[in-house]
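In terms of the working numbering, the sequence shown opens at residue 1402 and continues consecutively. From the three backbone atoms N, C-alpha and C, an ideal C-beta is built for every residue, glycine too.
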Amino acid sequence: MKKLVLLLLALFLIVTPVFSAGKTEDARATQKTEIDFQVWVTPNLTVEYWEGLVADFEKKNPDIKVNIIQAITGESTADNFLRSRLAAGNFPDVSHVFTEDMFIEAGAFLPLPIDDDVRRLRNLDGMIKEDGNLYTYDSITLVHGLVYYNKQLFAQAGIKTPPQTQAELDAACEQLLRAGIVPMTVAGADWIAGFALSIFAAPQVFYNNTVWYKDKNEGKVSFYDADWRDALTRYKAMYDKGYIYKGAPAMDYNDSQQFFLDGKAAMYPMGSWFSGAPEAVNADFEIGVFAPPTKDGTIYMSAIANRNGYAVSSTSKNPEAAIALAKYMGLDPYAVSKRLALEGGFSDMENADDYAYDMTYIQEEVNEIYKNAKVMTNNYNHPVGANPPDGFTDALTVAGQMLFTGGSVQGAMNELETYWNTNQGQ
1402 MKKLVLLLLA LFLIVTPVFS AGKTEDARAT QKTEIDFQVW VTPNLTVEYW
1452 EGLVADFEKK NPDIKVNIIQ AITGESTADN FLRSRLAAGN FPDVSHVFTE
1502 DMFIEAGAFL PLPIDDDVRR LRNLDGMIKE DGNLYTYDSI TLVHGLVYYN
1552 KQLFAQAGIK TPPQTQAELD AACEQLLRAG IVPMTVAGAD WIAGFALSIF
1602 AAPQVFYNNT VWYKDKNEGK VSFYDADWRD ALTRYKAMYD KGYIYKGAPA
1652 MDYNDSQQFF LDGKAAMYPM GSWFSGAPEA VNADFEIGVF APPTKDGTIY
1702 MSAIANRNGY AVSSTSKNPE AAIALAKYMG LDPYAVSKRL ALEGGFSDME
1752 NADDYAYDMT YIQEEVNEIY KNAKVMTNNY NHPVGANPPD GFTDALTVAG
1802 QMLFTGGSVQ GAMNELETYW NTNQGQ
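See the structure below:
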């Protein structure tokens, strides 16, 4: 009996490591690579939108787990959020970046592989930096400068066609005021104050000089020149005359958009992404859209191409997984077509048909304007011949808010000129 017990004990000791080893191997096989992904949440690109794309990526890449990090900020980009992360040493593995150059100069981004998929980008040459490297994956063009309008309120005020010239816009605003209708809503409490300023300044400034930022860096132009003076004067006058809702200084992005959707204002300056918003498509009234008016009525459009891409941290501990996610978000037909549908953008891929989506009726109108634009440049925080200084959008916001709160045109020009000159090349 004693011998039998000893034999069974010996067998147990022999077999147990085999099963333990099997469990260890299974655990290793199911262990996932984790990466952090910074996302930019907007009224269109909601948390649910990002979660849906991440779920699809994880389904296609079951060995990778993605942790979503939301950039909490009321600013126009995640730049300052990423700056703070960089300074703290916890930069996300993948980031949805807007002003990429400052982070490239800081060595924060990893050069990305250029494979056959990437070579299908029509604007690939324009995306590659002077050092010969590509740092973001992005295949979308978004229109920055548009004015949406409530067709019902236009008809109520007797306006038969949307304005094309600045004089026609002023006349339309006067007609709306006489009809007791707020002509336009703009958020003055956040970055939209500067973004809308850029929308209305671009047809004046960049229409006349498509490399204005470059010329500014070379000292050939300034914010005291006639075009910027006229643009800032017009923006201030639009508010002072009541063309822009007087409650603007207290409204943020969401408030202003809802004000328009509630039928309380006839016009809403915004980018192409509004054309895909479910709230816009399902509004109780029909929405039209026109290009921001120019002096002579020529259709000008400010649009950005491949400037809201996905970058990989140079310090990522899992660069292969991070590159896979960045490429999925920036180039995968499913992911990109989802974003195009929500933001009313246009594919920059040679195989654009693979990125097709069902346009809303508003997006169809945006598409017509896009096709017929005679002059097109970037604007805001994107290159107009050259990049603006880091954080220039903050100066635009300050200038726009000044003009809504009793500040002078001279003060707004001083703000823009001083900020640029102080921060140029930094």
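Query	Result
Tell me the rounded alpha-carbon separation between A1580 and T1562.	16 Å
Could you compute how far the alpha carbon of D1631 sits from the alpha carbon of F1686?	34 Å
Give the range of the beta strand (DSSP E) segment to which F1691 is assigned.	I1688 to F1691
So the candidates are N1782, Q1811, E1531 and Y1711; which of them puts its Cα closest to the Cα of L1797?	N1782
Just the Cα atoms here: how many angstroms apart are F1420 and S1738?	Unreliable placement is indicated for F1420, whose pLDDT of 37 sits below 50; the coordinate value is still reported in the next sentence. If you take the alpha carbons of F1420 and S1738, they lie about 48 Å apart.
If contact is defined by three or more beta carbon pairs under 8 Å, each pair taking one atom from either stretch, is the segment 1533-1549 in contact with the segment 1639-1657?	no
Can you find the residues in the same chain that come closer than 7 Å, C-beta to C-beta, to G1620, ignoring five residues on each side of it along the sequence?	none
Have a look at A1712, D1749, Y1771 and N1773 and flag the residue whose alpha-carbon is nearest the alpha-carbon of Q1439.	A1712
Just the Cα atoms here: how many angstroms apart are M1702 and K1617?	21 Å
Output the boundary residues of the beta strand (DSSP E) element that contains F1438.	T1434 to V1440
With contact counted as at least three CB pairs below 8 Å, one residue from each stretch, are the segment 1594-1610 and the segment 1719-1735 in contact?	no
Between which two residues does the alpha helix (DSSP H) containing M1777 stretch?	No alpha helix (DSSP H) holds M1777; the beta strand (DSSP E) holding it covers V1776 to T1778.
According to DSSP, what are the bridge partners of K1466?	E1435
Can you give the Cα-Cα distance for N1524 and M1503, rounded to whole angstroms?	21 Å
So, using beta-carbon positions, are A1723 and V1495 closer together than 9 Å?	yes
Since Y1550 is in the beta strand (DSSP E), which residue starts that stretch and which ends it?	L1547 to N1551
Within the same chain, show all residues whose beta-carbon is closer than 8 Å to that of W1821, passing over the 5 residues directly before and after it, in chain order.	K1617, F1624, P1789, P1790, F1793 and A1796
DSSP state of L1522, grouped into three classes?	strand
In the structure shown, what three-state DSSP assignment does V1737 receive?	helix
In terms of alpha-carbon separation, which member of P1734, S1748, I1700 and Q1811 lies closest to M1777?	I1700
Where does A1422 land, buried or exposed, given buried means 16+ other C-beta within 10 angstroms?	Only weak support is given to the placement of A1422: the predicted model assigns it a pLDDT of 41, under 50, and the value that follows is read from those uncertain coordinates. Under this definition A1422 is an exposed residue.
Distance, Cα to Cα, E1452 vs K1433?	18 Å
Among W1629, D1464 and I1505, whose alpha-carbon lies nearest the alpha-carbon of R1484?	I1505
Can A1666 and Y1646 be called in contact, C-beta distance under 9 Å?	yes
Can you name the start and end residues of the alpha helix (DSSP H) that T1819 belongs to?	V1810 to N1824
Can you tell me whether V1682 is buried or exposed? The criterion is at least 16 other CB atoms within 10 Å of its CB, across all chains shown.	exposed
Under 8 Å by Cβ, that's how I've got K1461 and E1435 pegged, so tell me the actual separation to the nearest angstrom.	K1461 to E1435, Cβ: 17 Å. No contact.
Flag this pair as yes or no: are the beta carbons of D1749 and L1446 separated by less than 9 Å?	no
Thinking C-beta only, is W1629 closer than 9 Å to V1785?	no
Go through its chain and collect everything with a Cβ distance to T1806's Cβ below 7 Å, but skip five positions before and after it.	P1650
Which complete alpha helix (DSSP H) runs does the segment 1630-1676 hold, if anything under 4 residues is left out?	1654-1662
So, under 8 Å CB-CB, F1691 and T1542 are touching, yes? Tell me the CB distance rounded to an integer number of Å.	Their Cβ separation, rounded to whole angstroms, is 19 Å, which puts F1691 and T1542 out of contact at 8 Å.
Locate the beta strand (DSSP E) running through T1542, then write down its first and last residues.	I1541 to V1544
In chain order, what residues of the same chain have a beta carbon less than 7 Å from the beta carbon of A1430, not counting five sequence neighbours either side?	Caution is warranted here: a pLDDT of 48 is assigned to A1430, below 50, making its placement in the model unreliable, and the coordinate value is therefore given only provisionally. So the list is empty, once near-sequence residues are dropped.
Just checking my contact of G1595 with A1800 at CB under 8 Å: how many whole Å lie between their CB atoms?	7 Å
DSSP three-state label for F1492, please.	coil
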